[in-house]
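Everything below concerns the one structure shown next.
In this note's numbering, the protein residues as written are 2 to 256.
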């Protein structure tokens, strides 16, 4: 399957979908507190997405049973919200929102602090956020896909963290997931050439310990193999001649 190059009204609609997803994420951020359940987050995402005229892209995707991924502490990604899982002081939690609006998808996530957290938790969250920014900084027409992973991996290693290799970013637009795959590790100057009009997610998953992961028996929840903390930040970006345009621009603070 070819990689779509979007333009004109397609990009306008993508911007609206991205803004809707980012707005829902900001709304969720304002409500996070010790004692709430991850099922509460799922309910709030469902309600706020509808208020914005969208639908949750994740619900039912390949059988996923919720509207949002909630990945807490050692959960790397694809955490399933549960009524018996409650946020506690000292937790970190990633909330991953994808909204479909007028036939286009916007995808964004951030990792949040619940109350006072450890220095280690602050470190891995800070590194994950900076890794996303480092990956985005090299995106532009004519760059190579490997440039993104190289920039992310170099920063994570310099900070004593690791980057998950099994999962990465993806193309997005009329489909929630499409080509190309966006690795968050790699070598500079390798891989496909980025072109103006490509729309990608940059979403590095950064572990405080080793990069290896395992999938729990539910078939979805991915956790660090060594039990270390993991954090993630994600934007949907449009490749341009000058660099990239962030299509999910409203990023709430993590503290």
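Positions of the beta carbon are idealized from the N, C-alpha and C atoms, including for glycine.
Three-state secondary structure (DSSP) at residue i?
i           : result
residue 183 : strand
residue 59  : coil
residue 256 : Low local confidence applies: a pLDDT of 40 at residue 256 is under 50, so the model's placement there is unreliable, and no value is given.
residue 53  : coil
residue 246 : strand
residue 39  : helix
residue 240 : strand
residue 200 : strand
Spell out the partners DSSP gives residue i in its beta bridges.
i           : result
residue 215 : 224
residue 233 : 206
residue 93  : 114
residue 107 : 100
residue 194 : 145
residue 72  : 95
residue 164 : 207
residue 87  : 38
From which residue to which residue does the alpha helix (DSSP H) around residue i run?
i           : result
residue 172 : Note, residue 172: premise wrong, no alpha helix (DSSP H); beta strand (DSSP E) at 170 to 172.
residue 31  : 10 to 32
residue 136 : 120 to 138
Quick one, are the C-beta atoms of residue i and residue j less than 9 Å apart?
i           : j           : result
residue 84  : residue 51  : no
residue 169 : residue 185 : yes
residue 5   : residue 198 : yes
residue 123 : residue 153 : no
residue 230 : residue 113 : no
residue 307 : residue 35  : This structure cannot speak to residue 307, because the chain is shown only from 2 to 256.
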